[in-house]
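Step one of this worksheet: look at the structure below.
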Amino acid sequence: MQYDLVISDMDGTLLRDDKTISDRTKEAIRRFEAAGGRFSFATGRGVHASRRYFEDLGLRTPLVLLNGSLLYDPVADRELMVRPLDPAAIAAVWPRLEEAGLHILVHETRRAVVREITPTIDEHLRLDGITVDVQPDLSPATCGDIVKILSIGEPEQLDRAEAAILAANLPVKLVRSFRTYLEVLPPTGGKGTGLRALLAHLGIPRERCLAVGDYLNDLDLLAEAGLAVVVRNAHPGVRAVAQRETLSNEEDGVAAVLDALVEGREIGFPIGG
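Position in the sequence shown (from 1) plus 5 gives the number in the numbering used here.
Below, the structure is given as structure tokens:
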């Protein structure tokens with residue numbers, strides 16, 4: 006096959022809109038792996054929120070979690086790489102998020118923590134099917150080793166917080182993973198960083214890797230792969246950096262890519278085709 010590793014974003018790409026993986030996609034992954042390929046996913050989700058998916062798929066290749074801050078081995082149940090946020094950076098970013106009126110959820114390697122479950126956070130938990138610990142005194146001074154901060158709010162609130170953080174020139178990386186999500190990562194974070202670590206771990210050159218994505222937090226993932234493919238429902242800013250387009254997430258676009266690889270067919274369509 007032309008590519009040894011296929012890595013896919015989850016929400017909006019691998020998952021259908023109801024957050025499930027179709028039987029067709031499950032079978033396509035099994036066929037690809039049986040033919041000698043490796044399949045992984047890269048997501049903003051942590052271990053707990055990803056577990057039902059990687060266990061259902063029986064994945065053995067390490068996973069890029071928490072938007073690249075964690076490389077996780079699902080077989081050994083251990084962290085292969087962790088990139089934590091600097092405590093001083095957390096202390097500087099936190100008030101700027103609060104001043105913008107954002108709801109804050111912090112991720113450690115194995116758990117997510119909130120100060121309280123607001124209606125906005127409750128909706129996020131329900132949509133993504135995850136659980137959190139509640140810590141009423143949660144603050145930069147009381148949190149543990151943080152690898153990602155997720156802040157939730159309206160787009161104009163995210164814009165305000167992002168502008169304030171960028172103006173302060175703080176040592177963090179900001180990514181938009183959804184229209185109402187602004188994520189704070191280590192400066193060397195991102196799915197692309199996670200993919201580089203995964204490729205090094207597996208000994209696979211980037212030219213033998215294909216990545217599939219749909220949203221702005223997939224930009225560096227796609228840039229790091231030998232071939233960048235977007236699903237038809239991808240954000241326009243992501244489509245601009247891809248070489249090929251597949252079917253939408255609702256049409257099992259990832260399965261279409263895997264089937265094409267196994268069968269030796271052309272992958273997807275030209276962008277806009």
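The beta-carbon is built from N, C-alpha and C at its ideal position, and this holds for glycine as well.
- DSSP lists no bridge partner for Lys24.
- The residue among Tyr220, Leu224, Gly218 and Ala228 with its C-alpha nearest the C-alpha of Arg211 is Ala228.
- Distance between Val262 and Ser144, taken at the CA atoms: about 44 Å.
- Contact annotation: Ala260 and Arg50 have beta-carbon atoms that are not nearer than 8 Å.
- For His53, the three-state secondary structure derived from DSSP is helix.
- Per DSSP, Glu256 lies in no alpha helix (DSSP H) and is assigned neither H nor E.
- Our two residues, Leu90 and Glu104, have alpha carbons roughly 20 Å apart in a direct line.
- Exposed is the label assigned to Leu132, since fewer than 16 other Cβ atoms lie within 10 Å of its Cβ.
- By the 16-neighbour rule on beta-carbons within 10 angstroms, Arg83 is exposed.
- Secondary structure of Ala117 (DSSP, three-state): strand.
- Annotation: Val236 to Phe46 spans about 15 Å, alpha carbon to alpha carbon.
- Taken in chain order, the whole beta strand (DSSP E) runs of length 3 or more contained in the region 130 to 201 are 153 to 157, 178 to 183 and 186 to 190.
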